[in-house]
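First comes the structure, then the notes that go with it.
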Amino acid sequence: MLLNFAVVAVMMVPSFRVHVLPRIPAKLGKAYYAFATTHGALGTVTELAGLYILRSAGTSVLPEKLRITTYKVWMRSALALWWAVLLLGMATYTRWYVPHLFRK
Numbered sequence: 068m069l070l071n072f073a074v075v076a077v078m079m080v081p082s083f084r085v086h087v088l089p090r091i092p093a094k095l096g097k098a099y100y101a102f103a104t105t106h107g108a109l110g111t112v113t114e115l116a117g118l119y120i121l122r123s124a125g126t127s128v129l130p131e132k133l134r135i136t137t138y139k140v141w142m143r144s145a146l147a148l149w150w151a152v153l154l155l156g157m158a159t160y161t162r163w164y165v166p167h168l169f170r171k
C-alpha cells in the first residue's frame, strides 16, 4: 500500500498535472482525457480507502468509533475498486500509447 502510494505520488500525479489537469473540463469529452481523469479520481478514492483500511487494521491510532469491524466487506470493496482502477489504467495506457505505435 505504501509503496503504491509512493509510485502514485512520484510518477502518476506529476504526469496527470502536466498532461491532463490543464485540459479539464474543456477536453473531458475526449476518451484520451476522460479515461485518465476517471482513473485518477477512482484511483485516489481507492488509495485513500486502502490507507484507511491499513490504518484501521494495523494500528490503534484511530479512535474506537472510526475503526473497522467488518473487514470482509471493506476488503472486498477495496479489491473491487482496485480491479476497476487497474482496468481503467490499462484503458488509459492503451488510449494514450497504442495508437501511436502504428503511425508512420
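Using this note's numbering, read the sequence shown as starting at 68 and increasing by one per residue. From the three backbone atoms N, C-alpha and C, an ideal C-beta is built for every residue, glycine too. These figures come from a predicted structure and were not determined experimentally.
In angstroms with no decimal places, state the Cα-to-Cα distance between residue i and residue j.
i: I120; j: F102; result: 26 Å
i: Y100; j: L146; result: 25 Å
i: P89; j: M79; result: 15 Å
i: R144; j: K94; result: The sequence shown places Ser at residue 144, not Arg. Taking the straight line joining both Cα atoms gives about 31 Å.
i: V77; j: T137; result: 33 Å
i: F83; j: W163; result: 12 Å
i: L154; j: T111; result: 15 Å
i: N71; j: V165; result: 24 Å
i: V87; j: A98; result: 12 Å
Does residue i get closer than 8 Å to chain C when you measure Cβ to Cβ?
i: R134; result: Protein chain content of the structure displayed is limited to a single chain, and chain C is not contained in it.
When you compare the CB positions of residue i and residue j, do they come within less than 8 Å of one another, or not?
i: L109; j: V140; result: no
i: L118; j: M68; result: yes
i: S127; j: I135; result: no
i: W149; j: T113; result: yes
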